[in-house]
Amino acid sequence: MPEKELLVQKIKNGTVIDHIVAGKALQVLSILGVSGSEGKTITIAMNVPSKKYGRKDIVKIEDTYLSPEITNKISLITPHATVNIIREYEVVEKRPLELPDEIIGLFKCPNPNCITNASEPIETKFYLPSKDPPLLRCKYCERIYAPSEVI
Ligand code: CTP
Ligand code: ZN
910 MPEKELLVQK
920 IKNGTVIDHI
930 VAGKALQVLS
940 ILGVSGSEGK
950 TITIAMNVPS
960 KKYGRKDIVK
970 IEDTYLSPEI
980 TNKISLITPH
990 ATVNIIREYE
1000 VVEKRPLELP
1010 DEIIGLFKCP
1020 NPNCITNASE
1030 PIETKFYLPS
1040 KDPPLLRCKY
1050 CERIYAPSEV
1060 I
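In this note's numbering, the protein residues as written are 910 to 1060.
As structure tokens, this is what we get:
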């Protein structure tokens, strides 16, 4: 590979999330619950040229193996990202994302009258009544939202 294409180094161990929609890497880290204060090395590349699409983001989290339950949460904002598990420099697992059946405690319900927004807040819960296109239904007020309305 020509040197100019080696934008970010390969890692020895950890999780690489590749083919993230350009510009969404920081949102991906936020949904994954990774802040950087864990002390692991994190590399973020944003708006880099992609062979498949025009531009993409990449996130590499070293010495951390994220479970499918965690990584599948990002499918709402970047459904075509791939999760690569790296061990001793080799890709030992390549997972496409799957939409989860429900999402607990991650997003606020946009309905101001929803009980989850009352003075004593309740943990939110959204079901996915449709996956293509993805829709979110609040368990409490039963309103249905497009992901962009909730995230
Ligand atoms: N990667 C890494 N460190 C390694 C091995 C791979 O950071 N030791 C990264 C690569 O830079 C790439 C991703 O993990 O962003 C997937 O690697 P690989 O499967 O080798 O790349 P591609 O074949 O291009 O993957 P795809 O088919 O998913 O595009
Ligand atoms: Zn609600």
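For each residue, glycine too, the CB sits at the ideal point set by N, CA and C. If you're wondering where the values come from, they're calculated on a predicted model, not measured in any experiment.
Q | Sequence-distant residues of its chain with Cβ nearer than 6 Å to C1018 (five each side left out) | A | T1025, T1033, C1047, listed in sequence order.
Q.
For T980, report the span of its beta strand (DSSP E) as first-last.
A. Where T980 is concerned, there is no enclosing beta strand (DSSP E), although the alpha helix (DSSP H) it sits in stretches over 977-980.
Q.
For ligand 1, is there any heavy atom lying closer than 8 Å to the beta carbon of H928?
A. A distance criterion of 8 Å places the beta-carbon of H928 in contact range of ligand 1, judged by its closest non-hydrogen atom.
Q. Ends of the alpha helix (DSSP H) at E1058?
A. Looking at the DSSP string, the run of the alpha helix (DSSP H) that includes E1058 is 1056-1059.
Q) From S874 to Q918, what distance separates their C-alpha atoms? A) Outside the modelled stretch of the chain, which goes from 910 to 1060, sits residue 874, for which no answer is possible.
Q) Comparing the CB of E999 with every heavy atom of ligand 1, is any distance shorter than 8 Å? A) Taking 8 Å as the cut-off, one finds at least one heavy atom of ligand 1 near enough to the beta carbon of E999.
Q. Helix, strand or coil: how does DSSP classify S984 here?
A. Three-state DSSP puts S984 in a helix.
Q | Proximity of S969 and G932 at Cβ, strictly below 9 Å | A | According to the sequence provided, residue 969 is Lys. The question's Ser does not apply to it. No, the Cβ-Cβ distance between K969 and G932 is not below 9 Å.
**Q.** Residues near N1022 by beta carbon distance below 8 Å, same chain, minus five either side
**A.** Cβ within range, chain order: C1050.
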